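Student: Quick one: structure below, then a few questions.
Residue numbers (this note's numbering): 3 to 185.
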């Protein structure tokens, strides 16, 4: 299940916005473990998933986030790759990406939808997003898929830059249409 051997590191303490906190150093990014999440990770993953939803202007709902993730994992409807800082007994979720299975009728192949990518603010700017994307790419290749596809907000320039710098190509040939039944 694991994507890399467990490695450990120390944070340097730094005052952040008037509060004492931990700031990850750029050279520490390789010491984060990225692995496939399972039901035992719900308590660690749920707050991160809730932060992701709040980022996209949804009301915080930690219980709803946990129930949603539990159902996806229990029914094996998604694959979640989780970036975790592990130091002794302490574990902190740094980020995650969630993949949903799909298929291409035209190419007759499996395809993965990279639906979520989120890195906690304290861990941003040190390459964890790129490592999660690379882990998703490796997973998709191992499962024999055609590739990965994703959608991002037109004003999310940081994410667009991240995707493009990791080899993703913006689709200029197709439009996306949605038909939603609930808000």
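Glycine is no exception: its CB is placed at the ideal position from the N, C-alpha and C atoms. Computed from a predicted structure; not experimentally measured.
CA-CA distance, residue 160 and residue 122?
Tutor: Locating residue 160 in the chain shown gives position 158, counting from the first residue. Locating residue 122 in the chain shown gives position 120, counting from the first residue. Those two C-alpha atoms are separated by around 14 Å.
Student: So which of 84, 89 and 104 has the shortest CA-CA distance to residue 95?
Tutor: Residue mapping note: residue 95 aligns to position 93 of the chain shown, counting from 1. Comparing Cα positions, the closest option is 84.
Student: Classify residue 118 as helix, strand or coil using the three-state DSSP reduction.
Tutor: The residue given as residue 118 occupies position 116 in the chain shown. If DSSP states are grouped into helix, strand and coil, residue 118 belongs with the strands.
Student: Can you tell me the Cα-Cα spacing of residue 182 and residue 130, whole angstroms?
Tutor: Position 180 of the chain shown holds residue 182. Position 128 of the chain shown holds residue 130. For residue 182 and residue 130, the distance between alpha carbons rounds to 32 Å.
Student: Kindly list the residues whose CB is nearer than 6 Å to the CB of residue 75, restricted to its own chain and excluding five residues on each side of it in sequence; keep chain order.
Tutor: Along the chain shown, read from residue 1 onward, the residue named residue 75 stands at position 73. Cβ within range, chain order: 41.
Student: If you follow the alpha helix (DSSP H) that residue 69 is part of, which residue opens it and which one closes it?
Tutor: Position 67 of the chain shown holds residue 69. Its alpha helix (DSSP H) spans residues 64–76.
Student: In the DSSP assignment, the alpha helix (DSSP H) including residue 161 goes from what residue to what residue?
Tutor: Indexing the chain shown from 1 puts residue 161 at position 159. 159–167 is the span of the alpha helix (DSSP H), which, as asked, contains residue 161.
Student: Quick check on this structure: which residue in 158, 167, 153 and 125 has the alpha carbon closest to the alpha carbon of residue 177?
Tutor: By one-based count along the chain shown, residue 177 stands at place 175. Here the closest residue by C-alpha is 153.
Student: Would you identify the three-state DSSP class for residue 189, choosing helix, strand or coil?
Tutor: The first residue shown for the chain is 3 and the last is 185, placing residue 189 beyond what the model contains.
Student: Ignore the nearest five residues each way along the sequence and tell me which others in residue 80's own chain have a CB closer than 7 Å to its CB.
Tutor: For the purposes of this step, residue 80 is identified with residue 78 of the chain shown, where counting begins at 1. Result list for residue 80: 74, 100, 101 and 102, in chain order.
Student: Which whole-angstrom value describes the C-beta separation of residue 139 and residue 150, a residue pair presumed to lie in contact below a C-beta threshold of 8 Å?
Tutor: Position 137 of the chain shown, counted from the start, is the residue given in the question as residue 139. Position 148 of the chain shown, counted from the start, is the residue given in the question as residue 150. About 7 Å separates the two Cβ atoms, so the contact holds.
Student: If you draw a straight line from the C-alpha of residue 89 to the C-alpha of residue 119, how long is it?
Tutor: Along the chain shown, read from residue 1 onward, the residue named residue 89 stands at position 87. Along the chain shown, read from residue 1 onward, the residue named residue 119 stands at position 117. Their Cα atoms are separated by approximately 24 Å.
Student: Out of 148, 145, 172 and 167, which one is the CA nearest neighbour of residue 156?
Tutor: Taking the first residue of the chain shown as position 1, residue 156 is located at position 154. Measuring C-alpha to C-alpha distances from residue 156 to each of 148, 145, 172 and 167 identifies 172 as the nearest.
Student: Note the first and the last residue of the continuous alpha helix (DSSP H) segment covering residue 181.
Tutor: Taking the first residue of the chain shown as position 1, residue 181 is located at position 179. From DSSP, residue 181 is part of no alpha helix (DSSP H); its letter is neither H nor E.
Student: To the nearest angstrom, report how far apart residue 169 and residue 136 are at their CA atoms.
Tutor: Translated into the one-based positions of the chain shown, residue 169 becomes position 167. Translated into the one-based positions of the chain shown, residue 136 becomes position 134. Cα-Cα distance, rounded: 10 Å.
Student: How about residue 62 and residue 112: do their beta carbons lie closer than 9 Å?
Tutor: Walking along the chain shown from the start, residue 62 turns up at place 60. Walking along the chain shown from the start, residue 112 turns up at place 110. No. Outside cutoff.
Student: When we look at the beta-carbon of residue 69 and count the other beta-carbons within 10 Å, is it buried (16 or more) or exposed?
Tutor: Here residue 69 is taken as the residue at index 67 of the chain shown, counted from 1. Counting C-beta atoms within 10 angstroms of its own C-beta, residue 69 has fewer than 16 neighbours from the protein chains shown and is therefore classed as exposed.
Student: Residue 97: which of 53, 180 and 162 sits nearest, CA to CA?
Tutor: Indexing the chain shown from 1 puts residue 97 at position 95. Per the Cα distances, 53.
Student: Is residue 98 helix, strand or coil by DSSP?
Tutor: Reading the chain shown from its first residue, position 96 is the one you call residue 98. Three-state result, residue 98: strand.
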